[in-house]
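Input: a single structure, listed below in structure tokens.
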Amino acid sequence: MSVISEEEILRLLPLVSEERREEALRYKHLFGQFACLKSYVMLRDLLEQRGLTHPFRFGYNEHGKPFLMDYPEVHFNLSHCKNGIAVVVSDQPVGIDIESYRSVSDSLLRYTMNEEELQVIRESDDPIRTFTEYWTKKEAVFKLRGTGITHDLHGLLQGEEQVETHVNSEKRYVYSIAR
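Numbered according to the working numbering, the sequence shown spans residues 1 to 179.
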């Protein structure tokens, strides 16, 4: 990963569309600007590796999920957190979420998790990691569906979606990919 600095932001700015530059510069913190720019550059590189040509025109569904206007058969998703950036490109609908470990309140746990999930989290050797695993799975499914967080959180993982989860204990983040 590149060093995060104002110089790196200035280096990345010309590599992205005007729309992406404006979005990146709305972030107040340097990392947010960097992650917004870097994730787009990573996406662009992955799309070009598939033989797609830049510039890419994006459309958005009614809930804000982006899609490629000129390549509707190619699906992508991206996410970032303070510890990492995740980008996925696929021939089928896909969602990805990456989250850093963080403490959560009991009220948030009860709001987002069903009884079985709560029990697994509470009995875990690392409840924060286990919560983060569940949360990234749920967010990846929402992003796959393109709905935003609008459905019942408690029953979300009982759907037909397949979710693959990866944990980086050293860097304290989890990412999940839903297909």
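All C-beta atoms, glycine included, are put in the ideal place defined by N, C-alpha and C.
Would you check if the distance between the CB atom of residue i and the CB atom of residue j is smaller than 9 Å?
i	j	result
L13	R21	yes
T147	H63	yes
V120	T130	yes
C36	E19	no
V163	I177	yes
V89	R122	no
G84	I96	no
Distance check for residue j and residue i, CA to CA, integer angstroms please.
i	j	result
P124	V104	For the record, residue 124 in the displayed sequence is Ser; it is not Pro. Taking the straight line from one Cα to the other gives about 15 Å.
R179	V94	5 Å
Q92	P72	10 Å
R172	Y101	6 Å
A86	L144	14 Å
Y175	E160	19 Å
T165	L46	21 Å
L157	L43	27 Å
L108	N77	25 Å
Quick one: residues in its chain with C-beta nearer than 8 Å to the C-beta of residue i, no 5 flanking neighbours on either side, listed in chain order?
i	result
P55	S17
K82	F31 and S100
I128	Y101, R102, S103 and V104
T150	H63 and F142
Starting from the C-beta of residue i, find all residues in its chain whose C-beta is less than 6 Å away, skip the five residues before and the five after it, and write them out in chain order.
i	result
P66	F58 and Y60
V74	L68
S169	none
H154	N114
S79	A86, I96, D97 and I98
L184	Residue numbering for the chain in the displayed model covers 1 to 179; residue 184 lies beyond these limits and cannot be assessed.
My understanding is that residue i touches residue j, with C-beta atoms under 8 Å, so please give their C-beta distance in whole angstroms.
i	j	result
Q33	Y40	The pair is not a contact, with the Cβ atoms about 12 Å apart (cut-off 8 Å).
E117	Y134	5 Å
To which residues of the same chain is residue i closer than 7 Å at the C-beta, ignoring the five residues directly before and after it?
i	result
A140	G95, I96, D97, V163, S176, I177 and A178
I4	L30, F31 and F34
- Which parts of the segment 33 to 78 are runs of the beta strand (DSSP E), unbroken and 3 residues or longer, counting only runs that do not cross its ends? Entirely contained in the segment 33 to 78, the beta strand (DSSP E) runs reaching 3 residues are, in chain order, 58 to 60 and 66 to 68.
- Which runs of the alpha helix (DSSP H) fall wholly inside the segment 93 to 162 and span at least 4 residues, in chain order? Listed in chain order, they are 106 to 112, 115 to 123 and 127 to 145.
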